[in-house]
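Quick note on this note's numbering: the sequence shown kicks off at 42 and runs consecutively.
What follows is a single structure, written as structure tokens, with notes after it.
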Amino acid sequence: FSALPLVRLDDGTHVIARENAKSNAFLPSDIETSFPTVHRAVCRAPEARSFLASLGLTAPDPVDDVVWNVLPKYRASEVDGDDKAYAIDIERIRVAFNTDSKAQRDKLLAALRETPFLMVIDTGDGKDYVSKPGEVYIATDRLKALFAGVPGVFVVDDNYECLRGEAVRELLEACGALRYPRPVQTSNALTWEERRELRSRTGHEETSGQNDVVIDWELLGFEALLDLLPSLSQEQRAERARLLWEALGDLEERRGRGVFDGSYTWTHYGQRKAPPFPAAFLRRLAKSAWVPDASGDLVRPALVTFESLGWKANPFLLSKIAFKPPIIDQLAKEAGIEPAALDLLRKLGITSVADLARIGIANKPAASPPDEAATDDDDAADDGAETDAAKADEEARDDAGEAEDVGEADDAQNADEATPSEDNDAPDLSLAGADEPTTNDTEGESAAAEPTEPRANGARGPRSSSGEHHPEQAARPGRRNITGQAGLDEQAKRLGRRVASFFDGVAPDADG
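Rendered as structure tokens:
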């Protein structure tokens, strides 16, 4: 009987039960399939059904139905966009996915992964496509918001009602679609120099070059996303950056932490392995400006404190992406420097004195207002002139012994200070110049040369305590002994010559 066309199908034709170990007909079942099925009227009697089963006929398997009858149409160059027919096909796939047979289920998933049966949308231009599950993202609210406007990223088209719901999402995930950033393995992210550096860390820098294996990871769509961020508004940038951070948390939670590290092995008189290094997408995020600062500008993570962003903390991610430590802002404030000023320097790539010198900033003295600077110089010169004149008065009194002459000299000096001449200008009496003492000397001398109050023309003012006469070689109380210091001696000689010039009525020496 097996060679006779005894089996009557639904369409009224008769076929041989099996040919070449393949069934030409299937027994009726509760599921709808595209297989040729025995007419139901023929199978009503239990004896008839038992006879057909003895010929090798079985009920159709939903997995076989999908593999043989549903998926081939989606491998064609063009796919029919009939929404109703597509919904029926997705339902048949979902039913087949619920099979109790692990072998049949694995068979189904393998076929689904190789078939572009999913209706998707390009988030860049919004156009419709069909794609394989392993190339798309599930249409979660977070991923749709994250990749909005990003070209080349495919998200499941949830405008189709049959592609909504958690049951369908579980099916799509099982055959390769993801609801978190998709890691894409790359072997070319490390340069030859970077590989050499990794080898040198292990103490085995040489390599045969024939068995180098690099396992590194990028995230699908992230490069295009980072390129898009600068064109968004400040509010959109901040929102996208937050979504990116949360998506990285989803990656850790659902995929694990291993994808955050790359690996490198090579051979050179044995198998060698480099220590784990940050994956390519982490290196990209560290170098890219994608985090908003206080002004809304995008900067590298290292220029922003994580606490200022208001994002949910993730200790693992914070160990992989370096943000600016809060202590830097604290130290800057304690030093009287605005943290924003430091951030600006780092934005401009200025991290050393050499960088400042390159743009002409380093070692330039701070400019003071012209009027204030001139006033300060004049006051310093007048104070120095009065102090030195007092010292010269006492030296002249000791040498000449004539109080009247000393008084005249003092009056002449005071008159000269009120109306300085070219020979008695302030710079000549200042203590700055080649003979300027060191910092420690200056501190002692400023204490010993306390200036007097300003005086009117021709009037004698009160002497300062520093104007008291002290024997030669004797130290003044509370002050260092300045006798014998070459710089001060030279200044005293100059001052002496200037005082003598007033008595003699001649111009002072040229070096005075």
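Cβ atoms here follow ideal geometry from the backbone N, Cα and C, with glycine treated the same way.
Please look up how many angstroms separate the CB atoms of residue i and residue j, rounded, as I've assumed it's under 8 Å.
i, j, result
"W352", "W286", "5 Å"
"V56", "P46", "5 Å"
"L96", "F67", "Rounded, the Cβ-Cβ distance is 12 Å, inconsistent with contact."
"C203", "A126", "About 11 Å; that fails the 8 Å criterion."
"P174", "Y115", "So it is not a contact: roughly 12 Å between Cβ atoms."
"R325", "L187", "About 16 Å separates the two Cβ atoms, so there is no contact after all."
"R296", "P224", "7 Å"
"A395", "A363", "Incorrect: roughly 24 Å between the Cβ atoms, too far for contact."
"V196", "L184", "6 Å"
"A288", "F301", "Rounded, the Cβ-Cβ distance is 13 Å, inconsistent with contact."
"P333", "R278", "5 Å"
"L150", "A215", "6 Å"
"V177", "A265", "With a Cβ gap of about 15 Å, V177 and A265 do not count as contacting."
If we ignore side chains and look at the alpha-carbon of each, how far apart do residue i and residue j end up?
i, j, result
"L267", "Q251", "35 Å"
"V79", "G165", "49 Å"
"R283", "N355", "12 Å"
"P316", "P222", "25 Å"
"D257", "S228", "6 Å"
"E235", "H245", "14 Å"
"S329", "V340", "7 Å"
"L112", "M160", "13 Å"
"F322", "R154", "25 Å"
"L239", "K365", "26 Å"
"V107", "S75", "9 Å"
"G565", "R59", "Any question about residue 565 goes unanswered here, given that the chain covers just 42 to 553."
"L472", "R399", "With a pLDDT of 30 at L472, under the threshold of 50, the predicted position of this residue should be treated as unreliable, though the coordinate-derived value follows. Distance between the alpha carbons of L472 and R399: 35 Å."
"D105", "A335", "59 Å"
"F92", "N65", "16 Å"
"L269", "A230", "21 Å"
"S249", "F318", "21 Å"
"G311", "S304", "17 Å"
"F263", "P103", "39 Å"
"D163", "W233", "35 Å"
"A144", "W109", "16 Å"
"L219", "D169", "19 Å"
"N612", "A180", "Residue 612 lies beyond the residue range present for the chain, which begins at 42 and ends at 553; the question has no answer from this structure."
"N139", "K361", "40 Å"
"D440", "I378", "Model confidence at D440 stands at a pLDDT of 48, short of 50, so the residue's coordinates are unreliable and nothing is read from them."
"P87", "D51", "18 Å"
"E119", "H309", "51 Å"
"A450", "S393", "Its pLDDT being 41, under 50, A450 is placed unreliably by the model, and the measurement read from it follows with that caveat. Cα-Cα distance, rounded: 57 Å."
"E276", "D124", "38 Å"
"R90", "E211", "37 Å"
"R242", "D338", "37 Å"
Where does residue i land, buried or exposed, given buried means 16+ other C-beta within 10 angstroms?
i, result
"I72", "exposed"
"A208", "exposed"
"D121", "exposed"
"L359", "exposed"
"S172", "buried"
"G193", "exposed"
"S142", "exposed"
"F357", "exposed"
"V254", "exposed"
"W331", "buried"
"A422", "For A422, the predicted structure reports a pLDDT of 45, less than 50, and the residue's modelled location is therefore unreliable. A value from the coordinates is still provided. By the 10 Å Cβ count, A422 comes out buried."
"E348", "exposed"
"E259", "buried"
"D130", "buried"
"R313", "buried"
"A137", "buried"
"A152", "buried"
"R237", "exposed"
"R133", "buried"
"P271", "exposed"
Please tell me whether, using a cut-off of 7 Å, the distance from the CB of residue i to the nearest non-hydrogen atom of the ligand GTP is below it.
i, result
"S118", "What this structure holds is no ligand at all, so the ligand GTP is not there to describe."
According to DSSP, what are the bridge partners of residue i?
i, result
"T99", "DSSP lists no partner for T99."
"S172", "L159"
"K63", "E60"
"N318", "Looking at the sequence itself, residue 318 is Phe, so the reference to Asn does not match. Answer by DSSP bridge pairing, in chain order: G303."
"Q226", "W258"
"P333", "L339"
"T308", "Q312"
"R236", "DSSP, once it has assigned bridges, lists no residue as partnering R236."
"F195", "D163"
"H55", "R49"
"T78", "F67"
"L219", "Y178"
Could you tell me whether any Cβ in chain C is nearer than 8 Å to the Cβ of residue i?
i, result
"D71", "In summary, chain C is missing from the structure at hand, where a single protein chain is found."
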